[in-house]
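Here the numbering used here = 1-based position in the sequence shown + 1349.
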Amino acid sequence: MLGNLLKSPMFQSLLPQYATKLGIKPDEVEQYYIDKVPLKRGCDYQDVLNMLLFYASPKASYCTGQSINVTGGQVMF
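Right under this line is the structure:
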């Protein structure tokens, strides 16, 4: 699974670093990235869990070797 902007302690710990790189305040970083996501929200643990549960279920029995983007519609290059 390929995710982005997971609302997690790890992402929160990186906000000051991203703020410096972007030249903005740390409290503006999350919104900066959310504005780039078509669904206009970050990824949360439930979004990741839903995808994992699907791939662990019989409904995904014919899916093999896939990389799935859990990005809210954001295109990653």
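Cβ atoms here follow ideal geometry from the backbone N, Cα and C, with glycine treated the same way.
For N1418, the CB contacts under 6 Å within the same chain, skipping 5 residues up- and downstream, are L1351 in chain order.
Per the coordinates, the alpha-carbon of D1393 lies some 27 Å from the alpha-carbon of Y1411.
Going by C-alpha positions, D1396 is about 25 Å away from A1368.
The beta carbon of G1422 sits closer than 7 Å to the beta carbons of V1386, P1387 and L1388 from its chain, once the five residues preceding and following it are set aside; these are given in chain order. Taken in chain order, the whole alpha helix (DSSP H) runs of length 4 or more contained in the stretch 1382-1420 are 1394-1404.
Among the bridge pairs identified by DSSP, G1352 is matched with V1419.
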